[in-house]
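Add 21 to a position in the sequence shown, counting from 1, and you land on the number used in this note's numbering.
The beta carbon of each residue, even a glycine, is placed where N, CA and C say it ideally should be.
What follows is one structure encoded as structure tokens, with my remarks underneath.
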Amino acid sequence: MKFNGIIFDLDGVICSTDEYHYLAWKALAEELGIRDFNREDNMKQRGVSRMESLKVVLAKSDRVYTPEQKLELAERKNGMYKKMLNNMSPKDLDDDVLSTLTSLRKMGLKLAIGSSSKNTPAILKQIGLGDFFDAVADGNCITKSKPDPEVFLKAAQMIGLPPQDCLVVEDAYSGIDAGKSGGFTTAGIGTARDYEHTDIRLDKFSDLLKI
Ligand code: BG6
Ligand code: MG
């Protein structure tokens, strides 16, 4: 491994909360009478902030919403999403992810989270990783979400390493773009595996041990 640190995206990389995001946005869309919100729309929501994600839903509506109404809608979706998160437990942490994280830690690497989600601390706690990472940069401490590199630069700063010394692991196009523009090498898993800007393609999480 030629890196001294790894910065992981959370939703869709460490755990499958990306699916819950989709289900909660889909439920909100249905409430608003938007019937054709689909997985392709959801792809555009990956990695971007809650309010940016709402824009993707409302792009399919003819109605015009005030800023206050938009806040209420985002809050409503988050309420449904948080109910789904409440059912999560350490059992929702994949064995392949847990054993790989443990091995990487034993190899002496600094491990951090770089996520746009404001629910990051709650999710990490639910899956039993509340105290695992050396640093957590998330939606609560940034002003610009991916594809801006802010969250990854913050994570790198928190673990005391320059971007060239860190690998960013992402499932979203916006996350790969954020990593690249911050000067990081990127590894893509899931949706981002075959993205043209991805540097290293992962079939599964434990492929990180082969780098
Ligand atoms: C990212 C997800 O991790 O977090 C996005 O990929 C989501 O889809 C964003 O919009 C913000 O999440 P939250 O939990 O703050 O609403
Ligand atoms: Mg993600």
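{"query": "Among 209, 204, 24, 219, which has the Cα closest to the Cα of residue 225?", "result": "209"}
{"query": "Should residue 192 be listed as close to the ligand MG, given that the test is whether its C-beta is under 7 Å from any heavy atom?", "result": "yes"}
{"query": "Between residue 124 and the ligand BG6, is there a pair consisting of the residue's CB and a ligand heavy atom that are separated by less than 7 Å?", "result": "no"}
{"query": "Would you call the region 161 to 174 and the region 130 to 140 touching, i.e. three or more CB-CB distances under 8 Å?", "result": "yes"}
{"query": "Grab the span of the beta strand (DSSP E) containing residue 131 for me, first residue to last.", "result": "131 to 135"}
{"query": "Using a threshold of 8 Å, state whether the C-beta atoms of residue 140 and residue 103 are closer than that.", "result": "yes"}
{"query": "Please report the residue range of the beta strand (DSSP E) in which residue 27 lies.", "result": "26 to 29"}
{"query": "Excluding the five sequence neighbours on either side, which residues of its own chain have a C-beta within less than 7 Å of the C-beta of residue 79, listed in chain order?", "result": "86"}
{"query": "Measuring alpha carbon to alpha carbon, tell me which residue in 193, 219, 73 is nearest residue 164.", "result": "73"}
{"query": "The ligand MG heavy atoms versus the CB of residue 67: any closer than 7 Å?", "result": "yes"}
{"query": "Give a yes or no on whether the C-beta atoms belonging to residue 130 and residue 221 are separated by under 8 Å.", "result": "no"}
{"query": "Select from 55, 125, 108, 105 the residue whose C-alpha is nearest the C-alpha of residue 83.", "result": "55"}
{"query": "Check residue 87 in the structure and name its three-state DSSP category.", "result": "coil"}
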